[in-house]
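Right, one structure below, let's go through it.
2 protein chains.
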Amino acid sequence: MLEIRHLKSLKAIAETGKLGLAAERIFLTQSALSHQIRALETHYDIVLFERSNIGLRFTPAGQRLLDLANELLPLIEKSERDLIRLKSDQSGELRIVLECHTCFDWLTPVMDAFRRAWPEVEVDLVAGFHSDPWHLLHAGKADVVIGGLPDKIKDLQHLALFKFEIMAVLPPDHALRNKSRLLAADFANETLITYPVPETRIDIIRQVLQPANISFTRRTAELTIAIMQLVASRRGIAALPSWGIQNYVEHDYVIAKHIGTSGLWSELYAIGTSEMMARPYAKDLARIIRDVCAGNLKGIKLLAP
Amino acid sequence: MLEIRHLKSLKAIAETGKLGLAAERIFLTQSALSHQIRALETHYDIVLFERSNIGLRFTPAGQRLLDLANELLPLIEKSERDLIRLKSDQSGELRIVLECHTCFDWLTPVMDAFRRAWPEVEVDLVAGFHSDPWHLLHAGKADVVIGGLPDKIKDLQHLALFKFEIMAVLPPDHALRNKSRLLAADFANETLITYPVPETRIDIIRQVLQPANISFTRRTAELTIAIMQLVASRRGIAALPSWGIQNYVEHDYVIAKHIGTSGLWSELYAIGTSEMMARPYAKDLARIIRDVCAGNLKGIKLLAP
DNA sequence: CTTAGGTATGAATTTAATTCAAATTTAACA
DNA sequence: TGTTAAATTTGAATTAAATTCATACCTAAG
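Here the protein sequences come in this chain order: A and B.
Count the first sequence with the numbering used here and you get residues 1 to 305, in order.
Count the second sequence with the numbering used here and you get residues 1001 to 1305, in order.
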């Protein structure tokens, strides 16, 4: 009766605190999860959660099953990795390029986990900025690009990672501080602080400002923290992934606003040649990124695999 | 994709070595198990077993998943026990009566496991022989009888354990040594060696010899080993559970034969008052007996729970 | 070359999980 | 005190998955 699926559900509920979010994370409807949990409760004739309008709280029985999940799921994942390795050459090379600057934030724990899982694979970060990172794949200079999907995906294969919201970052006393979301026009005549990359690689410019023909000043900084300092000292506004700015927002250095009517979302993929993406360790890299990021980055949504 | 159900299947296959037997043990058809395993193999794109006309052998990948099963299933069972305990009083008393003499063989490991699981419950064996053990339940002298179902089950509740085959035991040079199975008539004028209990409590007499009106001599011995020695030294023949005689047969002290055309099978239940059998630790006793015996006694078949 | 004892297969069936479309609950707000 | 928003529940309909049934297939032994 109890199945691994249930344990995964419990884990998702624990991580999100809400049935709806948990359901989304494991690609079910909220209703399905409700039914599933209810079936468990009926089966064991025990209550697993205290429900309220703010979410679920584990009862001791629920906690006991959650403990089981936390004990079992890592073992299961390890076994599944072992199975993959049993049928494949375990060694290889994996040169990673990041399209997106902020991704450095989570890359370190990912690389650590990957090296632990695939000690025989040589992982490297391809250094420097590249105006067309996907080109490096065909040129044999890199194995995987982590970024958005390129327009022409000739001979390239991709694995879905997650999507995240890019939010506008303002100083706390900015004139727009009371709007709940900023529209393209709000950026007119503002100074936009970005990483030093071409405009076509900056989502807010490509997808919001340019289409609306908004004129603005641009200023660049290399590091996220430098950008935040510029914003905090009222030199301009920025647009950054919600998970990259959380700390600064919590400490009231800056405030964050949604962009556009439904938010500005960006999707991340692991992209490589078909030959490379067929390798088990490349698939596993994607899995590890999804795992690590789902655990560490608040507000992201995993894409359907 | 991988579910606990699959792990249970793998365990059953490991224990039986054959798809058909494994399927029976987990109450599925052979076909269902075959489909299930095939689905796993397809999913991971890996072969789990080498099939042959004598059964299945685990490949390294299969073994890896079996290892996972052996690691996980005990943890899961422990959690389920904890859930039961979370909703119930954990203490109580459990006085066990054995209807069947040979059952002492497996009772010790069962009691050990039970004491570990329910340290607060006082377990006792009700000593001595009782001509009507079920009566002790209503008299308040015992809590659970382990034996066959009584004819009148007034106010009694039972939990199914397992069934086993009772086989005839002969000295290796007996005149009937070449028959593959003994019929009632074969016992005519033989000496039957039994435990010292009334004839109505000896299955072969009640179900085979008496209906066929066979006359025979009876001789008794207290212990299984004593009965075996009498048989080996040609003082008579006996009828004992297949699992109780395995050792002696393997060492060629004695030989074993099926009884009747389809074998003589006996079923074992845990029987108690409704009040007692509703208690979680009584249900758990039955589960422990099933588990321990399925693991230790060759040739038994678990009854549907 | 047949049989016995095992597994595999495909279609039909049954069972279980999931979705869909409300309904309900509850706290916060005006 | 009603209204809304954000959550969960519910029951019926749907979809997907597991299981069975009936039979085919395989292989070693006689």
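Glycine included, every Cβ here is placed at the ideal spot set by N, Cα and C.
Here the structure is a predicted model, which is why all the values come from computation and not from measurement.
Any chain B beta carbon closer than 9 Å to residue i
i, result
"alanine 61(A)", "yes"
"leucine 75(A)", "yes"
"tyrosine 44(A)", "yes"
"glutamate 80(A)", "yes"
"isoleucine 37(A)", "no"
"isoleucine 84(A)", "yes"
"arginine 64(A)", "yes"
Helix, strand or coil at residue i according to DSSP, with G and I counted as helix
i, result
"histidine 1251(B)", "coil"
"alanine 270(A)", "strand"
"threonine 194(A)", "strand"
"glycine 1147(B)", "strand"
"aspartate 67(A)", "helix"
"arginine 1181(B)", "strand"
"lysine 301(A)", "strand"
"alanine 286(A)", "helix"
"tryptophan 1118(B)", "coil"
"cysteine 100(A)", "coil"
"phenylalanine 27(A)", "coil"
"alanine 278(A)", "coil"
"valine 1110(B)", "helix"
"glutamate 1015(B)", "helix"
"proline 172(A)", "coil"
Bridge-paired residues (DSSP) for residue i
i, result
"isoleucine 1166(B)", "Pro1241(B) and Leu1264(B)"
"aspartate 1330(B)", "An answer regarding residue 1330(B) cannot be provided, because it is not within the stretch 1001 to 1305 covered by chain B."
"arginine 219(A)", "Ile193(A)"
"alanine 1160(B)", "Tyr1269(B)"
"alanine 316(A)", "The displayed coordinates of chain A run from 1 to 305. Any statement about residue 316(A) would go beyond what the structure contains."
"aspartate 124(A)", "Arg95(A)"
"glycine 55(A)", "Ser52(A)"
"histidine 1258(B)", "Arg1181(B)"
Cut-off 6 Å between Cβ atoms - residues of its own chain near residue i, not counting five sequence neighbours on either side
i, result
"histidine 1043(B)", "Met1001"
"glycine 263(A)", "Glu165"
"tryptophan 1265(B)", "Lys1163 and Glu1165"
"alanine 1014(B)", "Leu1066"
"leucine 1010(B)", "Leu1065, Leu1066 and Ala1069"
"isoleucine 271(A)", "Val145, Leu156 and His158"
"proline 150(A)", "Trp134"
"alanine 1124(B)", "Residue 1124(B) is actually aspartate in this sequence, not alanine. Here the set comprises Arg1095."
"tyrosine 1195(B)", "His1101"
"aspartate 143(A)", "Leu94, Arg95, Gly272 and Met276"
Residues near residue i in its chain [Cβ-Cβ closer than 8 Å; skip 5 each side]
i, result
"serine 1061(B)", "Here residue 1061(B) turns out to be alanine, not serine, going by the sequence shown. Closer than 8 Å at the Cβ level, and outside the excluded window around alanine 1061(B), lie Tyr1044, Ile1046, Val1047 and Leu1048."
"threonine 191(A)", "Phe216, Thr217, Arg218, Arg219, Arg235, Gly236 and Ile237"
"leucine 230(A)", "Ile193, Arg219, Ala221, Gly236 and Ala238"
"leucine 1007(B)", "Leu1065, Leu1068, Ala1069, Leu1072 and Leu1073"
"glutamate 326(A)", "Because chain A is modelled from 1 through 305, residue 326(A) falls outside the range shown and cannot be assessed."
"alanine 185(A)", "Ala212 and Ile214"
Neighbour flag for residue i against chain A, beta carbons, 9 Å
i, result
"leucine 1072(B)", "yes"
"glutamate 1003(B)", "yes"
"lysine 1141(B)", "no"
"aspartate 1132(B)", "no"
"leucine 1068(B)", "yes"
"lysine 1087(B)", "yes"
Neighbourhood of residue i by C-beta, 7 Å cutoff - its chain only, sequence neighbours within 5 removed
i, result
"lysine 1298(B)", "Trp1243 and Gln1246"
"phenylalanine 27(A)", "Ala304"
"alanine 1023(B)", "Thr1029, Gln1030, Ala1032 and Leu1033"
"valine 1249(B)", "Ile1255 and Ala1256"
"tyrosine 1307(B)", "Since the first residue of chain B shown is 1001 and the last is 1305, residue 1307(B) is not available in this structure."
"alanine 1172(B)", "In the sequence as presented, alanine is not what sits at residue 1172(B); that position holds proline. For proline 1172(B), where only same-chain residues beyond five positions count, the Cβ hits under 7 Å are Asp1252, Val1254 and Ile1255."
| message | Across the region 119-139 of chain A and the region 230-250 of chain A, are there enough close Cβ pairs to call them in contact, namely three or more that are closer than 8 Å? | response | no
| message | Three Cβ pairs or more, each shorter than 8 Å: is that satisfied between the region 1289-1300 of chain B and the region 1150-1162 of chain B? | response | yes
| said: Pairs of beta-carbons, one from the region 102-120 of chain A and one from the region 1100-1116 of chain B, closer than 8 Å: are there three or more? | reply: no
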